[in-house]
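Everything on this sheet refers to the single structure shown next.
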Amino acid sequence: MAGPDAPEAGWKAFTENVVGGGRLELDPAGVEQCIKLCDDHARRMGELANRARFELRAANLGIGENDIESAKVLARKFDEKAVGGSEISVSNTAVGLFTAHQSYAKDMKSMFEAVLARYTEQDDATAVAFGSLGTTL
Numbered sequence: 002m003a004g005p006d007a008p009e010a011g012w013k014a015f016t017e018n019v020v021g022g023g024r025l026e027l028d029p030a031g032v033e034q035c036i037k038l039c040d041d042h043a044r045r046m047g048e049l050a051n052r053a054r055f056e057l058r059a060a061n062l063g064i065g066e067n068d069i070e071s072a073k074v075l076a077r078k079f080d081e082k083a084v085g086g087s088e089i090s091v092s093n094t095a096v097g098l099f100t101a102h103q104s105y106a107k108d109m110k111s112m113f114e115a116v117l118a119r120y121t122e123q124d125d126a127t128a129v130a131f132g133s134l135g136t137t138l
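According to our numbering, the residues represented by the sequence shown are 2 to 138, in order.
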């Protein structure tokens, strides 16, 4: 899904707002947990994509694809739907779906890392500012 209503559009706007100087209140431990969950999800989607490359192959369905042309065409279509091919782009396959989910989880992880880094920088700057105020009081 693409366009202004796509989920990634919301994450991008959120990231730009937070990293670009917007206001955010958060629990750093919660963000660290989100980073971990995104990393785990991306890893799992990568594993599923790899499994799909091998386990979803439809090389021999046993429907007569060795002797009947229409069965051969059908087997090829099932195979291409799993891993891609001449008639089906990879983005419309099981491998493509899992890879897209993996990329999205990695993007979310990067966003959370940027948010946490910006929050930590600001928190440190605020602590230094308050520390210097304490010496003049």
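Note that CB positions come from ideal geometry on N, CA and C, so glycine has one too.
Between which two residues does the alpha helix (DSSP H) carrying ILE36 extend?
Residues 29-56.
Assign THR127 to buried or exposed, taking buried as 16 or more other Cβ atoms, counted over all protein chains shown, within 10 Å of its Cβ.
Flag for THR127 reads exposed.
So VAL74 packs on VAL84, CB below 8 Å; how close in whole Å?
The Cβ separation is near 16 Å, so there is no contact.
Separation of ALA14 from MET112, as counted between CA atoms:
For the pair MET112 and ALA14, the Cα-to-Cα distance works out to about 11 Å.
What does the alpha-carbon distance come out to for the pair ASP125 and LEU49?
Approximately 40 Å, taken between the alpha carbons.
Report all residues from its chain with a CB closer than 6 Å to the CB of LEU57; omit the five preceding and five following residues, and keep chain order.
The residues are ALA83, ALA95.
From the DSSP output, in three-state form, read off ALA60 for me.
Three-state result, ALA60: coil.
Reference ALA30, options ARG44, ASN67, VAL116, closest by Cα:
For ALA30, the nearest C-alpha among the options comes from VAL116.
Tell me the rounded alpha-carbon separation between GLN123 and ALA130.
Distance between the alpha carbons of GLN123 and ALA130: 10 Å.
Use the C-beta contact count for THR100: other C-beta atoms within 10 angstroms, 16 or more gives buried, fewer gives exposed.
THR100 is buried by the Cβ-count criterion.
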